Amino acid sequence: MNLDFTGQEVVAAPKDVVWTFINDPNKIATCMPEVLETVIHDVHNFDATVQVALGPVRGKFKFKVQLLPQPGDSHMDMKISGGGLGSVVDLAAGADIKENGDGTTTLDWKATASMRGPVASIGGRVVDAQAQRIISQTFTNVKTKLAGVTTGS
Numbered sequence: 222m223n224l225d226f227t228g229q230e231v232v233a234a235p236k237d238v239v240w241t242f243i244n245d246p247n248k249i250a251t252c253m254p255e256v257l258e259t260v261i262h263d264v265h266n267f268d269a270t271v272q273v274a275l276g277p278v279r280g281k282f283k284f285k286v287q288l289l290p291q292p293g294d295s296h297m298d299m300k301i302s303g304g305g306l307g308s309v310v311d312l313a314a315g316a317d318i319k320e321n322g323d324g325t326t327t328l329d330w331k332a333t334a335s336m337r338g339p340v341a342s343i344g345g346r347v348v349d350a351q352a353q354r355i356i357s358q359t360f361t362n363v364k365t366k367l368a369g370v371t372t373g374s
């Protein structure tokens with residue numbers, strides 16, 4: 222099963238602050254919902270154990286997360302791969318980051334997820350709804366942590 226997602230988020234912080242935040246595995250890991258444990262390997266890689274509940278599939282999934290900042294501080298890619306309970310999940314995501322000139326930053330993002338195993342057999346609408354919830358919660362957490370931050374220091 223493959224799912225595609227796109228969206229736009231406006232964060233109430235300057236671009237340099239957003240860029241620094243999304244490049245920090247320690248900070249990004251705290252924004253992912255249902256995280257039970259994280260292990261930071263280096264400045265671009267971490268592992269996350271998350272609690273997953275999709276219909277009858279419930280349990281812990283382990284993911285490897287790779288942050289891939291692109292030159293120019295205006296585009297970030299992210300790869301997430303792993304799984305659990307006999308399922309495999311791969312996600313490729315990217316965001317263009319743009320300063321709005323009013324102290325806010327826009328992230329135009331897109332993601333493609335590929336799933337195999339029991340998770341894929343649940344059905345697209347259930348998986349899509351849960352994925353949308355996770356994406357929304359992650360961005361809400363980022364916005365909350367950056368609310369009112371005006372400098373990168």
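Quick note: to get the numbering used here, add 221 to the position in the sequence shown (first position is 1). Yeah, the Cβ is synthetic: ideal placement off N, Cα and C, and Gly gets one too. All values derive from a computational prediction rather than experimental measurement.
Is it buried or exposed for S374, if we count other Cβ within 10 angstroms and need 16 for buried? Looking up residue 374 in the sequence shown gives position 153. Low local confidence applies: a pLDDT of 48 at S374 is under 50, so the model's placement there is unreliable, with the coordinate-based value given in what follows. Exposed is the call here.
Helix, strand or coil: which one does DSSP assign to Q291? As a position in the sequence shown, residue 291 is number 70, starting the count at 1. DSSP places Q291 in coil when its eight states are reduced to three.
Measure the Cβ-Cβ separation of M336 and A316 and say whether it is below 8 Å. Here the question's residue 336 lines up with position 115 in the sequence shown. Here the question's residue 316 lines up with position 95 in the sequence shown. Taking C-beta atoms as the reference points, M336 and A316 fail to come closer than 8 Å.
Among E230, D329 and V348, which has the Cα closest to the Cα of A274? Translated into positions along the sequence shown, residue 274 becomes position 53. Of the candidates E230, D329 and V348, the one whose C-alpha sits nearest the C-alpha of A274 is V348.
Whole-angstrom C-beta distance between L257 and A352, which should lie under 8 Å: The residue you call residue 352 lines up with position 131 of the sequence shown. The residue you call residue 257 lines up with position 36 of the sequence shown. Here A352 is actually not in contact with L257; their C-beta atoms are around 19 Å apart, not less than 8 Å.
Please go through the same chain and pick out, in chain order, the residues whose beta-carbon is closer than 6 Å to the beta-carbon of K364, but skip the five residues on each side of it. The residue you call residue 364 lines up with position 143 of the sequence shown. In chain order, V232 place their CB closer than 6 Å to the CB of K364, counting only its own chain and leaving out the 5 sequence neighbours on each side.
Rank T327, I343 and R279 by C-alpha distance to the C-alpha of F360 and give the top, closest one. Looking up residue 360 in the sequence shown gives position 139. F360 has its Cα closest to that of T327, out of T327, I343 and R279.
Would you please state the rounded distance, in angstroms, between the beta carbons of F284 and S302? I believe it to be under 8 Å. Within the sequence shown, residue 284 is the residue found at index 63, counting from 1. Within the sequence shown, residue 302 is the residue found at index 81, counting from 1. By a beta-carbon distance limit of 8 Å, F284 contacts S302. Their separation comes to about 7 Å.
I243 (DSSP reduced to helix, strand or coil): By one-based count along the sequence shown, residue 243 stands at place 22. DSSP, reduced to helix, strand and coil, places I243 within a helical segment of the structure shown.
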